[in-house]
Each structure stands twice: as C-alpha cells, then as structure tokens.
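Sequence positions in the sequence shown follow numbering that gives the first Met the number 0 and run 0 to 453. Worksheet: the structure to be examined is printed underneath.
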Amino acid sequence: MAALDVVIVATAMPTMRVKLHAGLSQMEWTINAYNLVFAVLLLTGAALGDRFGRRRMYSAGLLLFAASSAASALSTTAGELIAARVVQGLGGAVLVPLTLTLISEAFPAEKRGAAIGIWGGVTGLGVAAGPVLGGVIVQEMTWQWIFWFNVPVALAVAAGSRVLLTESRGPRPQLDFPGLVLAGAAMLALTWAPVRAPDAGWGSAEVIGALVAGGVLGLAFVAWERRARYPMMPLEYFRNRAFTTANAVNFFLMVSLIGTLFFLTQFFQTGLGYSPMQAGARILVWMAMPMLVAPAAGALADKIGNKPFMVAGMLMQGGGAAWVAAAASSHVSYGTLVLPLIISGAGISMCFPTVANAVTGSVPAEDTGIAAGVNVTLRELGGVFGVAILGAVFAAHGGYASPSVFVAGFRPAMWVAAAVPLAGAVAAAFAPGKVKRSASDIADSAPELVGQAS
C-alpha cells in the first residue's frame, strides 16, 4: 500500500494538475509533502515502535494512513491535498520502518535474505500495480479513488495485525527526546532545501541557509548521540562497512529512481500523448521487475553475498536511464523504450532486497528497528532530492507548452538520473563480500562464547 501510494500519485499527477488548477511547484509538493514528513519522522517512528511496542505503533500508523487518505480524497484544492499528504507522511513514517523490523525479527539470519526478498517483491507488486491501477482509476473513475482504495486496505491490515502479529519492543527503556528533536530538525532542514530549490533557486539564501542549518543540526545530533545514555541511533554502526555502504547505495538509488518515476509517467502522457491508463500499462515493464527479480536476488544473496547484486543493480539502473535519455523524443516508439526499461527495472530489483538485507543484517537483532529506520530515512531523503534535482534540470531546459518542449527538459533530466547511480556503484564496490556470520548471529551467540571462554 505504501509503495503503491507514491507511484499511483505520480501516475495521476497530470490529471490532478488540471482538475486542481495547480502548477508544477504544487504538483511537486503533492509528492514532496509526503516524502518530506516521511523522511523527517522515520527515525522517530522506529524509536516509538521500540519504546511502546512495534505491533501497537504499526497499527496506529495504519489507522492514521487510512484517515489521511480519506482526507486526500476529499480535497478540493491543491493546498488541501498537500496538507492531507503531510499527515499521510506521518502515518507512513510510523508504519513503514516497522515492516522491516517485524519481518527481520521473525526469521533467523540465514533465511532473512529470502524473507526480505519477498518483502522486496511485494513492494515491487505495489510499485508495479501503481501505473496500471492509477491509469484505470483516473480514466474510468475519478482521481480521488487513488486515495479511497487505501482506506479499506489499511483498516483490514490494522485489524489483522492485532490477531496475527506478536508484540515486541527494542532494548532501550527510554526515548531519546533530545536525539529525536535534533534528528527531526536536521532532516527537516536537509529536505526543505531541495524541495524549495526549484522555486527559490539553489543559490538562494533560503536554500543555502537550510543546508547549513541541516549540517549544523546533524553535527549536534552526532555530538548528543555520543553522550546519550540510550541513543536512538548507535553511531558505531557507521563504522561497519556493510551498514554504511548499503545506506549510501540506497540513497543514490532513490535519487535516480524517484526522480525518473516523477518524470517518466509525465513523459508518456505529456510527451507521447498516451492516456493515463495507456501510460500505466507501458510503464509496467519497468515497475514489474521488482516483483519478478527481487525474491530471487534476496535468496541468492544469502548464498553469494549482497555486494555483486548492489554493484550490478546500480550499473543497470544507470545504463537503462541513459538509454531512455538517448532515445527520448516526442515521436519515439514504445518498442524502442521497452528493453532499457526492463534493464533499469531489473537493476533496481537487485538493490531493493540486498540493501535492506545488508543494513538489517549488519546490526544486532534487537536493533533492526533502528537500522530499518535509517535505511528508509535515506531512501526518502534520496527521493526528495531526486524530484528536486531532476525538477530543476527539467525546468531549466523545458516545460509543458508542447510535447517537444517537454522532451527538451526530460532528456537532460534523465541524463542526470543516469549519472547518479554511478556514485552508488562506487559505494557498493567498497561493500564487504559475503561473511559467514552476521552481526546479529554474533550478538545472539555472545553469551555462549563467553561461557566457552570461561
């Protein structure tokens, strides 16, 4: 549901822009308002789950997601929709990181990669269904139904969670309130900068000030966490190469992926003249790949390691995006775009489960909630930067006046989307190879080892 929500909103964006009489900036905010709050509060959501119960907070997040989806559907102006999406981001920030936590704690380390691969496949199913379902809803019903469908799903999952999930908590008996405030403020500043950059300019005092403030607040957060009795994010994890490199790959992947998604759905409609449903069906070859590839990649990573999949996945995402950029025109045939979309989709499918597996598998089992929170935080931060950076490139070279004008902006934006994964491939190259035992295994067996030593 959460993965579907981002994609389906992007698919319906051209229709919402017309129906709500909104401009490019307002449409970006329908994506970024959700992503910004999501990114700012993800660590908070993970910490609340550790403190008050993961099942309880997961259910609460689902209920808030349902209520804000209803508010989105009832919106009559772009401003109302953006406000509802802010609340929806809050609900998502609570429920999404806890999905990885609940899955990770339910499986032993040797089966965790396969389980997270299934998680990646289900995420891929939501992503894959977004373009098609969004197109059908917008064309055959009204755009409001892209939000109404969330309500029964969220309510059903919340009810099922009370019956089928067991309650668990993290190892920290107290919330790190100063850490929560500093982390939230730092993330707000760092995400505010790219969100406002397309309108205010990257060289403006507002954007530069936000970046500086984010950096200062981030340093203050690090300084506090070093002295906190119960830190919300143990900094020693960043000395672990598996943890650090996987999170870097995650960030660069999402810059490219979400930025591409934002403009590719519009390219098929505004640039090539397809209807929303036709556009959704054509994007399916790209978005369906996680459903097909991610489970297999996750299972194989348990045997040969995460590194090969992360390196190859980033190179394939960059190569596919570059191919689309080179081929794009207002008259390009769909057949020309199929193969690069498949290559790109397979690439991101290799990264989804292996990045999550590397992050959660490199920390003790009781801290998977915090690790998942960091992972999803960087994912959303990357998405915000992706939309903002590609949006700035697009606005500098093109617009919505005609298909040819749109393509003039789309092509350089896609070249940027193709270049970013190269940085992720470099980060992945520094990841460790397959290790026989994960950090969680070591933590679990520590008492036994101490006994043997005695």
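Beta carbons: idealized from backbone N, C-alpha and C, even for Gly.
Residues near residue i in its chain [Cβ-Cβ closer than 8 angstroms; skip 5 each side]
i       : result
Ala-475 : Residue 475 lies beyond the range of the chain shown here (0 to 453); nothing can be said about it.
Thr-335 : Ala-326
Phe-266 : Ala-327, Phe-405, Val-406, Phe-409
Leu-61  : Gly-90, Leu-94, Ala-153, Leu-154, Val-156, Ala-157, Ser-160
Leu-210 : Ala-188, Leu-189, Ala-192
Val-449 : Note that Val-449 scores a pLDDT of 32, beneath 50, so its modelled location is shaky; the value from the coordinates is reported in the next line. Nothing listed; no residue qualifies.
Ile-81  : Gln-25, Trp-28, Thr-29, Ala-32
Ala-227 : Asp-175, Pro-177, Gly-178
Element boundaries [alpha helix (DSSP H), containing residue i]
i       : result
Trp-201 : Segment: none, Trp-201 is in no alpha helix (DSSP H) and carries neither H nor E.
Met-349 : 333-360
Glu-79  : 77-105
Phe-308 : 306-326
Arg-281 : 275-286
Ala-428 : 402-428
Leu-154 : 149-163
Ala-227 : Unbroken run through Ala-227: none, as it is neither H nor E.
Ser-255 : 240-265
Same chain, Cβ closer than 6 angstroms to residue i, five either side skipped, listed in chain order
i       : result
Met-15  : Trp-142
Ala-11  : Gly-133, Val-137, Trp-142, Ile-145
Trp-322 : Pro-339
Gly-372 : Leu-41, Leu-42, Ala-45, Pro-96
Tyr-333 : Arg-281
Gln-451 : For Gln-451, the pLDDT reaches just 32, beneath the cut-off of 50, and the residue's location in the model is therefore unreliable, leaving the point undetermined.
Pro-294 : Gly-116, Ile-117, Gly-120
Gly-381 : Phe-250, Met-253, Val-254
Gly-344 : Trp-285, Met-288
Ser-58  : Ala-157, Ser-160
Pro-151 : none
Leu-314 : Ala-424
Own chain residues within Cβ distance below 7 angstroms of residue i, not counting five before or after
i       : result
Leu-174 : Ala-46, Arg-50
Asn-149 : Met-0, Asp-4, Phe-64, Ala-65, Ser-68
Ala-9   : Ile-30, Leu-260, Phe-261, Thr-264
Gly-432 : Gly-304, Lys-306
Pro-193 : Val-383, Phe-384, Ala-387, Ile-388
Pro-107 : none
Ala-428 : Val-310
Ala-83  : Ser-67, Ala-70, Ser-71, Ser-74
Gly-129 : Leu-3, Val-6, Ile-7, Thr-10, Met-286
Cutoff 7 angstroms: residue i Cβ touching any chain C Cβ
i       : result
Arg-240 : Looking at the structure shown, chain C is missing, and only one protein chain is on hand.
(message) Under 8 angstroms: do the stretch 272-282 and the stretch 376-391 share three or more Cβ pairs, one atom per stretch?
(response) Of all C-beta pairs linking the stretch 272-282 to the stretch 376-391, fewer than three are shorter than 8 angstroms, placing the two stretches out of contact.
(request) Determine, using beta-carbon pairs with one atom in the stretch 59-71 and one in the stretch 84-96, whether at least three such pairs fall under 8 angstroms. (result) With a cut-off of 8 angstroms, the stretch 84-96 and the stretch 59-71 count as touching, because enough Cβ pairs lie within range.
(message) Within 8 angstroms, do at least three Cβ pairs link the stretch 176-184 to the stretch 108-118?
(response) No, because fewer than three Cβ pairs between the stretch 108-118 and the stretch 176-184 fall closer than 8 angstroms, the two stretches do not touch.
(request) Please go through the stretch 11-66 and give each complete beta strand (DSSP E) segment of 3 or more residues, from N-terminal end onward. (result) Qualifying beta strand (DSSP E) stretches: none in this window.
(message) Count Cβ pairs between the stretch 217-236 and the stretch 423-434 that sit closer than 8 angstroms; are there 3 or more?
(response) Fewer than three beta-carbon pairs drawn from the stretch 217-236 and the stretch 423-434 are found closer than 8 angstroms, and the two stretches are therefore not classed as touching.
(request) Check whether the stretch 350-357 touches the stretch 302-311, taking contact to mean three or more Cβ pairs, one atom from each stretch, closer than 8 angstroms. (result) With the cut-off at 8 angstroms, the stretch 350-357 and the stretch 302-311 touch.
(request) Could you tell me whether the stretch 243-250 touches the stretch 212-219, where touching means 3 or more Cβ pairs closer than 8 angstroms? (result) Three or more beta-carbon pairs separated by less than 8 angstroms are not found between the stretch 243-250 and the stretch 212-219, which leaves the two stretches without contact.
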